[in-house]
Structure formats: structure tokens, C-alpha cells
Amino acid sequence: MAQDGNVNFIPRLLPPRELFAEGHRACQGCGEALALRQIMKVAGPNTIVCSATGCMEIITSPYPESAWRVPWIHVAFENAAAVASGVEAGIKILKKKGRYADGKVNVLAIGGDGGTADIGLQALSGALERGHDFTYICTDNEAYMNTGIQRSSATPWGASTTTSPKGKESIGQITQKKNLPMIVAAHDIPYLATACPSYPLDLMDKTRKALATEGPTYLHVLSPCPTGWRHAIDMAVEMGRLAVQTGVFPLYEIENGRLKMNMLMEKRAPVIDYLKPQGRFRHLKADQVEKIQQGVDKYYASLTYRARCDHNA
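Under the working numbering, the first residue of the sequence shown carries the number 944, and numbering increases by one thereafter.
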């Protein structure tokens, strides 16, 4: 029996079948592949996946092979949410006509941070506003990793990428990471959550909640990337834990407008513990690390304050 946060995690209770199959072409230590494996354990076989162009599309579907053991649709970079909307609407019509009797079908749209925070934001916003019954999953590895580690609007301040390189005149990424979960929350959807595969039971429980909730739901999953973050390939799980334990990536959920912190830590580890193992941050000076620490402290305080207010409301 393993521990995931404050909850007992019993691996033998999970379905043994892998719907996200082994043998795909992900990099060693890929956090995205680990996250999708956990998610599909919960989603089950009665699931349709709409997958945007990106790392997971490339590594799972080299023609004529596929790592998906459920119906899977490869869509353009920008329209995973739009295609999922059409799939959901089609299922609804077929059920109305009595031509679909398989019970609830889970419709998943999956995109990386580039395909969600940048290129696919318009399609995502539209699908949420229309109220389609589907779950959108953003596997956030904080850059366009598939095409060569280019910065996205989800790349954190100070990170060195191929299009925001460190140098004599640059610290790397010069803008702050886009707060996509809160942008999604502004659409007043019934359920959204942040998660990380380093905390598998938390991720799987949030997946279960999202799929059981009627209407649009959203999961923002931090997915450590050894290739792009330039950390050791056996450290992906540890990097996710450090992101949570330092407060860089807080775990929370917003259900019917109320925010709840899932791992509230009175004493967090310093952000340097998270930054130091990653080559993309290795150039940062002490004052720049302190700037990141102050930003993390401020945001974490704002989340905990809102959680207390929502709890007492």
C-alpha cells in the first residue's frame, strides 16, 4: 500500500488492462505518458479521445500503429475542443434516435500547453461556453516540446528554451506563465482541477470526478519533461512532487465555483529545490530565484485565502 497525499493508494484495485498501451515512442521518463496511463485507467473502454497534434499524438500513432485501445481521433493543433464538441453532439443525437445504447460515453479532448493555452484557446473557450458534456485535459510540459522545445505562454518566467534562450542580455522566458486554470474557471464550468502524475491517486480521483460531472470539465496536468526541462530521466516523478511541495504548482479543485486546496502545506520547500535539478533554470542568479520565490509565495497565499473564504461562505 502506497501513500498519495493523505489517502491510501492500493495499486491492486486498479484495472489491470492498459488502455494507453506500452510500446509507444515517448522519451524516457515522460510525465505526459505517465499521466495519460493513469487517466485511462479511470476513463475505461467506453471512451472516445480527441487528441491535438503534439507530443502525445506523435508518440502514440506512427502509422499504422496506435497505443490507444479506445476510439481515438487525431485532430489539428488548434481544434481538439471543437472536435470533441462535435463528437459529444453526435452521440447525443444518436441516443435521441435510439441508435446508441451503450450508456455514458466519456468524451476526452487532450492537448498540450501550446495546443491549449495558445493555439487552441479559442476552441476551448467556445466549447466551455456552449456547455458541451466533455472533459478537456491539458498535459502541461511548459513548452512546445514536440517541435523543438520552443516557448509557449505556459513557459515559466526565466526558463531557457530554443526561442527564449538564456544569454548575456536575456534570462530566458521574459513573461510569466499564463494562469490557464483560472482563465477556464472564468467560464463558470462545474468542475476543474490541477493535478500531476506524481500524485497518481489525486489525478485519478479528479479524473473520476470530472467524468462523472455533467457539462464541461477541465483538468490541468503538470507533466514533467526530462528532454525539455533538462533533468535526469529518472527524476520525472520527483520533479512533479517538488513542483507541488514548493508551491510552484499547487494542487486544487474548483467545484461549482468553490475552490478547495488538495494539499495545503503550512511549510513549503524553497523553490530552489525545484529549480536546481533543471537545466532550463540553471543559469538563474540568486536575485532571480528570489523573484520566483516571491511570486510563488504571493500566488499560494492568494489561493489559500480564496479557499478559506469559499469554505466559510
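For every residue, glycine included, the Cβ atom is placed at its ideal position computed from N, Cα and C.
Asked: Burial state of HIS967, where buried means 16 or more other Cβ atoms lie within 10 Å; Found: buried
Asked: Beta-carbon gap between PRO1193 and TYR1243 smaller than 9 Å; Found: yes
Asked: Cβ-based burial, LYS1325 [other Cβ within 10 Å; buried from 16]; Found: As displayed, the chain neither begins before 944 nor continues past 1256, which places residue 1325 out of reach and without an answer.
Asked: Buried or exposed (CB count within 10 angstroms, at least 16 for buried), GLN971; Found: exposed
Asked: Chain-order list of residues whose beta-carbon lies under 6 Å from that of SER1028 (same chain, five-residue window excluded); Found: ALA1070 and HIS1075
Asked: Close-in-space but distant-in-sequence residues of the same chain around LYS983 (CB under 7 Å, 5 per side omitted); Found: Correcting the residue type first, residue 983 is Met in the shown sequence and not Lys. Contacts found: LEU962 and PHE963.
Asked: is_contact[LYS1111, chain C] using C-beta, thresh 9 Å; Found: No chain C appears in this structure, which consists of one protein chain only.
Asked: CB contact flag (GLN1093, THR1082, <9 Å); Found: no
Asked: DSSP bridge partner residues for THR1137 (one or two, in chain order); Found: HIS1163
Asked: As assigned by DSSP and simplified to three states, the class of PHE963; Found: strand
Asked: Entirely enclosed beta strand (DSSP E) segments - the region 957–1008, minimum 3 residues; Found: 990–995
Asked: Whole-number beta carbon distance between LYS1120 and PRO1099, since they are thought to touch under 8 Å; Found: 5 Å
Asked: Distance between GLU1157 and VAL1050 (C-alpha atoms, nearest Å); Found: 12 Å
Asked: Exposure label - ARG1151; buried when at least 16 CB within 10 Å; Found: exposed
Asked: Helix, strand or coil at LEU1255 [DSSP, three-state]; Found: Here residue 1255 is Asn; the residue named in the question, Leu, does not match the sequence. Helix at ASN1255.
Asked: CB contact flag (LYS1047, ASN989, <9 Å); Found: yes
Asked: Whole-angstrom distance between ALA969 and LEU1165, CA atom to CA atom; Found: 16 Å
Asked: Collapsed DSSP secondary structure at ILE1114 in the structure displayed; Found: strand
Asked: Outcome for ILE1176 when other beta-carbon atoms lying within 10 angstroms are tallied against a minimum of 16; Found: exposed
Asked: Inter-residue spacing [alpha-carbon to alpha-carbon] between LYS1219 and SER1141; Found: 18 Å
Asked: Straight-line Cα distance separating GLY974 from ASP1230; Found: 30 Å
Asked: Of the residues ALA1155, TYR1087, THR1137 and GLY1238, the one placed nearest PHE1020, counting alpha carbons only; Found: TYR1087
Asked: Alpha-carbon spacing of GLU1198 relative to ALA995, whole angstroms; Found: 26 Å
Asked: Cα-Cα separation, TYR1195 to GLN981; Found: 18 Å
Asked: Proximal residues to HIS1182 (C-beta, below 8 Å), its chain only, five neighbours per side dropped; Found: The sequence as given places Met at residue 1182; His does not occur at that position. Closer than 8 Å at Cβ, skipping near neighbours: GLY974, SER1141, PRO1167, TRP1172, HIS1174, TYR1217, PRO1220 and GLN1221.
Asked: CB contact flag (LEU1067, GLY1055, <9 Å); Found: no
Asked: Neighbourhood of GLN1065 by C-beta, 6 Å cutoff - its chain only, sequence neighbours within 5 removed; Found: none
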